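These protein sequence lines are chains Y and S, in that order.
For the first sequence, our numbering begins at 1086 and goes up steadily by one.
For the second sequence, our numbering begins at 1086 and goes up steadily by one.
One structure is given below, encoded as structure tokens.
Protein chains: 2
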Amino acid sequence: MKLYSWEFAPNPRRVRIYLAEKGLTVPVEDVGVPGKPILNPDFLKKFPHRRVPLLELDDGTCIGEAMAICRYFEALHPEPPLLGRTPKEAALVDMWERLAEWEGMHAVSEYFRNAKRSFAGRALAGAAAPIEQIPALTERGRHRVASFYEKFEFHMKGREFVAGDAFSVADITTLCAVDFAETCGLGIPAGCTEMIRWHAAISARPSAGA
Amino acid sequence: MKLYSWEFAPNPRRVRIYLAEKGLTVPVEDVGVPGKPILNPDFLKKFPHRRVPLLELDDGTCIGEAMAICRYFEALHPEPPLLGRTPKEAALVDMWERLAEWEGMHAVSEYFRNAKRSFAGRALAGAAAPIEQIPALTERGRHRVASFYEKFEFHMKGREFVAGDAFSVADITTLCAVDFAETCGLGIPAGCTEMIRWHAAISARPSAGA
């Protein structure tokens, strides 16, 4: 078994944090090209999804998508539960994880990949053919990130965790989205005091360093 | 318990097909405004996600996101399994379902919401503030839909179902994405014979009418 990762990318970090919270160790291969913001061409050729993280099982099966990988490990190692304990909690974790991905992660990515000159022609992750940058999407991405903070700030009032009353993958994806935003100069606005509190607590967990 | 749906939208259909395959009946309220391509303002005011499908439980808990709703029902009614039988199969179903959503459903949506005049100012589902249409995204959306067909055509060679050897939510999301694309004039290209075969078989299931 091997996890293909890329040190600087936000999505493989979702899996690395998950594994750290579980206390699981999996061999990791970094497939970034040192000093360049691109993935190794051999990796891209081998795997049609052209994205990290990717988990390769011993039988050659490749599982892409961060949450699909976490779900695989969750089935094999249920404790501590990071995908919800009851049907209702599992549904809420799934919902908030997807909202954090779509309204957070994808929003930051829209800003980042359309604004950053080094991503010219690669405005969408995983695309095989060139995807040109669209200047209007930097502004839309910035706007979407602001909406993400606004929604999550409202939601986090009085809450310790993003979904339910325990740490879950919903916290992991939200953390990775916020930290990705921060590296783009789109950190949590000063007025979002609930999000700042939550972010400090989650960042203090040892897994955040993964 | 009540499922908020909208007859013409592709995402609530994912849940309706899922329930039909399970043989489950849930009270459904259609929250579209008759004759207009908008959701009822009362619904939008009540639910901050501003999107269908949404499942309201008897205790008032609201679960949004089609797959989070399906996961809730799957935990309560495991048979027949539509989210995978083994850890590996569950991971592959999750992966392909997410790929069908991101590379299929979101691509069609990008085309549709940026091209259709009646969606001016609503270029992203669920946004509370206006999101203006970006003309370049109609072309990008069309391009992404073509890439989606290309990837899934390659993947479906010799396969009866999108993930594993049984019908799953990966088939449901792919079907809803393809049928949504068809209503936009972006149906399966004639050369994609594997996809055409798969689509005919899945469309022949009684659940496809849901």
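Built from N, CA and C at the ideal position, the CB exists for glycine as well.
Model, not experiment: these values are computed from the prediction.
Under the 8 Å criterion on CB atoms, Y/I1257 is classed as non-interfacial with respect to chain S. Assigned with DSSP and collapsed to three states, S/G1149 falls in strand. In terms of Cβ geometry, S/L1088 and S/P1138 form a close pair [threshold 8 Å]. The residues G1169, E1174, L1177 and V1178, in chain order, have a CB closer than 7 Å to that of Y/G1249 in the same chain once the five nearest residues on each side in sequence are set aside. For Y/T1223, not one C-beta of chain S is nearer than 8 Å to its own C-beta. For Y/P1274, the CB contacts under 7 Å within the same chain, skipping 5 residues up- and downstream, are Y1234 in chain order. In the three-state reduction of the DSSP assignment, Y/S1090 falls in the strand class. If the five residues before and after Y/E1279 are omitted, its C-beta is found closer than 7 Å to the C-beta atoms of E1238, M1241 and K1242, all from its own chain and listed in chain order. A residue is called buried once 16 or more other Cβ atoms fall within 10 Å of its Cβ, and Y/V1254 is buried on that count.
At least 8 Å separates the beta-carbon of Y/M1086 from that of Y/D1127.
Chain-order list of chain S residues neighbouring Y/R1170: empty, with the shortest C-beta distance near 11 Å, by a criterion of under 8 Å. Chain-order list of chain Y residues neighbouring S/M1180: I1148, G1149, E1150 and A1153, by C-beta distance under 7 Å. Per DSSP, the unbroken alpha helix (DSSP H) holding Y/V1254 starts and ends at V1254 to T1268. Under the DSSP assignment, Y/V1113 falls in the beta strand (DSSP E) whose first and last residues are V1113 to D1115.
Only buried fits Y/V1230, as 16 or more other CB atoms lie within 10 angstroms of its CB. S/L1177: member of the alpha helix (DSSP H) spanning P1172 to L1184, first to last residue.
With contacts defined by Cβ atoms closer than 8 Å, Y/F1093 and Y/V1193 do not form a contacting pair.
Here S/H1284 has L1260, V1263 and I1273 as same chain residues with Cβ atoms under 8 Å from its own Cβ, once five neighbours each way along the sequence are excluded.
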